[in-house]
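A.B. asks: What follows is a single structure, and I will ask about it in a moment.
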Amino acid sequence: MSDIAATSPACSRCRGVGLGIKRITTRKDGSIATISYDLKAECSACRGTGLQVMEVHRG
12 MSDIAATSPA CSRCRGVGLG IKRITTRKDG SIATISYDLK AECSACRGTG LQVMEVHRG
């Protein structure tokens, strides 16, 4: 493992998994119960790396 990956924070969208999120199940109190990941899609924020990056929206 490289030193960069060990010291870099995880992606805030996929939580460091690198996969796209398919479904988020919440409890009645609003907290997150489970997160289902799409195994065929990569995270759009980190592009599958699992590392935190700055998102730039151009419009």
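Residues 12 to 70 in the working numbering are what the sequence shown lists, from first letter to last. The C-beta atom is built at its ideal place from N, Cα and C for all residues, glycine as well. As the structure is a prediction and not an experimental result, all values here were calculated from the model.
Alpha carbons only, please: which of GLY29, ALA21 and SER23 is nearest the one belonging to ARG58?
C.D. replies: The shortest C-alpha separation from ARG58 is found at GLY29.
A.B. asks: By DSSP, does ARG24 sit in helix, in strand, or in coil?
C.D. replies: If DSSP states are grouped into helix, strand and coil, ARG24 belongs with coil.
A.B. asks: Under the DSSP definition of a beta bridge, which residues are partnered with ASP49?
C.D. replies: Answer is GLY31.
A.B. asks: With DSSP collapsed to three states, give me the class of THR36.
C.D. replies: DSSP places THR36 in strand when its eight states are reduced to three.
A.B. asks: SER19 CB to nearest chain C CB: under 8 Å?
C.D. replies: Here chain C cannot be found, since the structure has a single protein chain.
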